[in-house]
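Input: a single structure, listed below in structure tokens.
As structure tokens, this is what we get:
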């Protein structure tokens, strides 16, 4: 946002530099508007209310109607829209709030800010609350030439770590490697050698019924015993919700001394799988061992043309294209996490190979697709 050329973005940045003053302005403005609604409603000669002889009942109805109007139009609707489209909403209200903050309400919000600071410093002396934004700003201020690129990445990873949820980095269900309970040892050994995993989920009937996790090292003493009931070796799986924060998940991994968890949705179905390595990579970057195969999520053909794996996370997609303002995508992304999901939302169906999807200055050409999802997309930027 800082590098954007929009005037509104510059105004938003100025407002955010003084958060207490901004909060005071918003609260004052909110109260003024609520009072204005009450006065306006009271001044209207409503024939329905005039016909009520009981003053108490009339007042009760007025309070109820005004309360519902303020709650619905002044609280619920704006907050729902702002939550789904934060950047767009901020751009819309930035200029009016800046004008009020600078010229009309400064005589009120300055003393309010000082009063708030007085009570805050008096009542909460020992509380230290450092936000992610504070840490990010501190990181930028302490940036110097002696700090290497890798060190900067690690520091940024640490700062952003606490805000990430499990579903944002998990291996989705469709990409999970799992074994069926009815598999024999010979098949298991062959599959495990091909995949190179040390821990594998085991299911019965379908992936929603995970029986446990097989540690490949537990199989070693029984390789020659083809009749051995290998399901006895299964260890109890750890289940975690999709919205579990990564810092909480890391603490749980440490406490229970395990490296893998099954991610479940709100209905108890299997959403995916996450490992300790996935979590650590959010801080340190890719951690490749001898079994890992390089699988780049995108390649750059020229300055305006890229080829993306459709399962790339949207945040990584924005970073790859060096987008400073991606508010146009916020209008369609909702709770979508991947580029493929974004294009499915835009197309409203599974697109065919070669189909072109246009979104503002972006041209998406579908290159690989199967019956269930988009696999690969070419992205052409019209004006970069």
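Residue numbers (our numbering): 5 to 388. From the three backbone atoms N, C-alpha and C, an ideal C-beta is built for every residue, glycine too.
Distance check for residue j and residue i, CA to CA, integer angstroms please.
| i | j | result |
| --- | --- | --- |
| residue 237 | residue 231 | 14 Å |
| residue 348 | residue 385 | 19 Å |
| residue 197 | residue 326 | 39 Å |
| residue 35 | residue 272 | 44 Å |
| residue 82 | residue 378 | 34 Å |
| residue 39 | residue 73 | 12 Å |
| residue 42 | residue 63 | 12 Å |
| residue 353 | residue 96 | 32 Å |
| residue 334 | residue 87 | 11 Å |
| residue 131 | residue 119 | The predicted position of residue 131 is uncertain, since its pLDDT is 49 and thus under 50; a value taken from the coordinates is nonetheless stated next. Going from the Cα of residue 131 to the Cα of residue 119 covers about 18 Å. |
| residue 217 | residue 206 | 6 Å |
| residue 32 | residue 255 | 42 Å |
| residue 382 | residue 284 | 30 Å |
| residue 17 | residue 330 | 17 Å |
| residue 102 | residue 91 | 16 Å |
| residue 251 | residue 359 | 41 Å |
| residue 223 | residue 366 | 51 Å |
| residue 61 | residue 67 | 10 Å |
| residue 364 | residue 177 | 32 Å |
| residue 104 | residue 201 | 60 Å |
| residue 373 | residue 269 | 26 Å |
Indicate the three-state DSSP secondary structure (helix, strand or coil) for residue i in the structure shown.
| i | result |
| --- | --- |
| residue 98 | helix |
| residue 186 | coil |
| residue 16 | helix |
| residue 357 | coil |
| residue 228 | coil |
| residue 300 | coil |
| residue 330 | coil |
| residue 192 | helix |
| residue 216 | strand |
| residue 104 | helix |
| residue 91 | helix |
| residue 197 | helix |
| residue 305 | strand |
| residue 340 | coil |
| residue 284 | helix |
| residue 362 | strand |
Between residue i and residue j, which are expected to be in contact by the criterion C-beta below 8 Å, what is the C-beta distance as a whole number of angstroms?
| i | j | result |
| --- | --- | --- |
| residue 242 | residue 266 | 7 Å |
| residue 30 | residue 98 | At roughly 12 Å, the Cβ-Cβ gap does not stay under 8 Å, so residue 30 and residue 98 are not in contact. |
| residue 170 | residue 253 | 6 Å |
| residue 1 | residue 165 | The structure shown has nothing for residue 1, since the chain only spans 5 to 388. |
| residue 317 | residue 172 | 7 Å |
| residue 340 | residue 356 | Incorrect: roughly 21 Å between the Cβ atoms, too far for contact. |
Go to residue i, then tell me how far its alpha helix (DSSP H) extends in each direction, as first and last residue.
| i | result |
| --- | --- |
| residue 33 | 23 to 47 |
| residue 379 | First-last for residue 379: 378 to 385, but that is the beta strand (DSSP E), not the alpha helix (DSSP H). |
| residue 309 | Here residue 309 belongs to no alpha helix (DSSP H); instead the beta strand (DSSP E) covers 309 to 313. |
| residue 345 | 343 to 351 |
| residue 88 | 81 to 88 |
| residue 222 | 220 to 223 |
| residue 321 | 318 to 324 |
| residue 257 | 250 to 260 |
| residue 66 | 59 to 73 |
Which first and last residues belong to the beta strand (DSSP E) in which residue i is found?
| i | result |
| --- | --- |
| residue 173 | Unbroken run through residue 173 is the alpha helix (DSSP H), 170 to 173; no beta strand (DSSP E). |
| residue 240 | No beta strand (DSSP E) contains residue 240, which DSSP labels as neither H nor E. |
| residue 276 | 274 to 279 |
| residue 370 | 366 to 373 |
| residue 207 | 203 to 208 |
| residue 264 | 264 to 268 |
Quick one: is the Cβ of residue i within less than 7 Å of any heavy atom of the ligand FAD?
| i | result |
| --- | --- |
| residue 361 | As far as ligands go, the structure on display features none, and thus does not contain the ligand FAD. |
Can you check whether the C-beta of residue i is within less than 8 Å of a C-beta belonging to chain B?
| i | result |
| --- | --- |
| residue 245 | No chain B is present in this structure, which holds just one protein chain. |
Worksheet item: Any contact of the segment 266 to 278 with the segment 187 to 195, i.e. 3+ C-beta pairs under 8 Å?
Response: No, the segment 266 to 278 does not touch the segment 187 to 195.
Worksheet item: Is there contact here, the segment 204 to 213 with the segment 299 to 308, by at least three beta-carbon pairs under 8 Å?
Response: No, because fewer than three Cβ pairs between the segment 204 to 213 and the segment 299 to 308 fall closer than 8 Å, the two stretches do not touch.
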